[in-house]
Amino acid sequence: MLLAEGVSGPEKGGGSAAAAAAAAASGGVGADNSAEHSDYRAKLSQIRQIYHTELEKYEQACNEFTTHVMNLLREQSRTRPISPKEIERMVSIIHRKFSSIQMQLKQSTCEAVMILRSRFLDARRKRRNFNKQATEILNEYFYSHLSNPYPSEEAKEELAKKCAITVAQVSNWFGNKRIRYKKNIGKFQEEANMYAARTAVNAANASSHGSQANSPSTPNSAGGYPSPCYQSDRRIQ
DNA sequence: GACGATGATTGCCG
DNA sequence: CGGCAATCATCGTC
């Protein structure tokens, strides 16, 4: 893991290797916003640097402590016999202790990288609002099908194409819209009336100078839904 | 910076 | 599997 992220492993060329490794490891998000990407890389290299300085610190502390203990043992060897085996045992205990600390450091670094990675990869964190036109199109469909706001797969595809978003996003949008509309109809009244009126105007225009009741550009022309109707049951109180 | 709006995710249900 | 409900995380506004 740490090796893959370029945090652990041989240090060559101060960071560029790590950045490359990180870029490779994060595969799939490469074609993303470069600003965010460089932010990710910066944070990763920061983690990496902290890891290395800490590791070095522990290494140094371990060596210092070892020599200190050795000195103590040498001191004691004057008053009592101390076998080389005993010294070796002591040293290995110290090393074990310090290496377990280093393992902990490694683990916490690993966790930090994981969190950073999940933050970077989580789509929710890169959420962008749809543009105005897309929202208009979606709302128009929603309010002109208020009695049955469940677009078919084809209708969803049509909407997705028009709004330049994915079908999944259209589904998400309708899911959110239905639940939020239902939860607080009052809040959406104004919006509902506005779109209903607009749809009515569109329908009137279309029928006044055309043989068809539905304009070809109206979303419901593809989904097999009935022609747009004014939702007179939603009134401002 | 608090707060509402909003897109996305998760877990559950029929 | 699609939809609902709750929730998360960010955006946009004040």
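For reference, each letter of the first sequence is one residue, going 1443 to 1679 in the working numbering.
Glycine residues also receive a C-beta, built at the ideal position from the N, C-alpha and C atoms.
Quick caveat: nothing in here was measured; it's all calculated off a predicted structure.
Original post:
Hey, how far is the Cα of A1467 from the Cα of H1494?
Top reply: With a pLDDT of only 42 at A1467, under 50, the local geometry of the prediction cannot be trusted, and the value read off the model is given with reservation. Each residue's Cα considered, the two are about 20 Å apart.
**OP:** Could you name the residues of the same chain whose beta carbon sits closer than 6 Å to that of I1579, not counting the 5 residues immediately before and after it, in chain order?
**Re:** K1604, C1605
**OP:** Could you tell me whether the stretch 1547-1561 touches the stretch 1506-1516, using the rule of 3 or more Cβ pairs below 8 Å?
**Re:** no
**OP:** Give the secondary structure of S1542 by DSSP, where H, G and I count as helix, E and B as strand, and everything else as coil.
**Re:** Looking at S1542 - three-state DSSP - the assignment turns out to be helix.
Original post:
Do the stretch 1481-1501 and the stretch 1554-1566 meet, that is, are 3 or more Cβ pairs less than 8 Å apart?
Top reply: yes
Subject >> Candidates M1636, L1497, Y1637: closest to M1545 by CA position >> reply: L1497
**OP:** Drop a sphere of 10 angstroms on the beta-carbon of K1598, count the other beta-carbons inside from all chains shown, and report buried for 16 or more, exposed for fewer.
**Re:** buried
Subject >> Supposed contact pair F1562 and K1619 - C-beta distance, whole angstroms, cut 8 Å >> reply: In fact, because the Cβ distance is near 29 Å, the residues do not count as touching under 8 Å.
Original post:
Does any heavy atom of the ligand COA sit closer than 7 Å to the C-beta of L1580?
Top reply: For the structure depicted, the ligand COA is absent and the ligand set is empty, with no information on it obtainable.
**OP:** Check F1572 in the structure and name its three-state DSSP category.
**Re:** DSSP places F1572 in coil when its eight states are reduced to three.
**OP:** State buried or exposed for V1612, treating a residue as buried only when at least 16 other CB atoms are found within 10 Å of its CB.
**Re:** buried
**OP:** Quick one: measure Cβ to Cβ for Y1623 and F1616, integer angstroms, because I've assumed they're closer than 8 Å.
**Re:** With a beta-carbon spacing of about 10 Å, Y1623 and F1616 fall beyond the 8 Å limit used to define contacts.
Original post:
DSSP on S1589, reduced to helix/strand/coil?
Top reply: Looking at S1589 - three-state DSSP - the assignment turns out to be coil, as it is neither helix nor strand.
Subject >> Span separating the alpha-carbon of N1573 from that of I1607 >> reply: A straight-line Cα-Cα distance of about 10 Å links N1573 and I1607.
**OP:** Answer yes or no: do I1524 and L1515 have a C-beta to C-beta separation smaller than 8 Å?
**Re:** yes
Original post:
What did DSSP end up calling N1626 once you bin it into helix, strand or coil?
Top reply: coil
Subject >> Span separating the alpha-carbon of I1627 from that of L1601 >> reply: Just so you know, the alpha carbons of I1627 and L1601 end up roughly 24 Å apart.
Subject >> Contact set for E1582: own chain, Cβ-Cβ below 6 Å, skip 5 residues either direction >> reply: Closer than 6 Å at Cβ, skipping near neighbours: Y1637.
**OP:** Alpha carbon to alpha carbon, how far is R1538 from M1532? Give it in angstroms, no decimals.
**Re:** Each residue's Cα considered, the two are about 10 Å apart.
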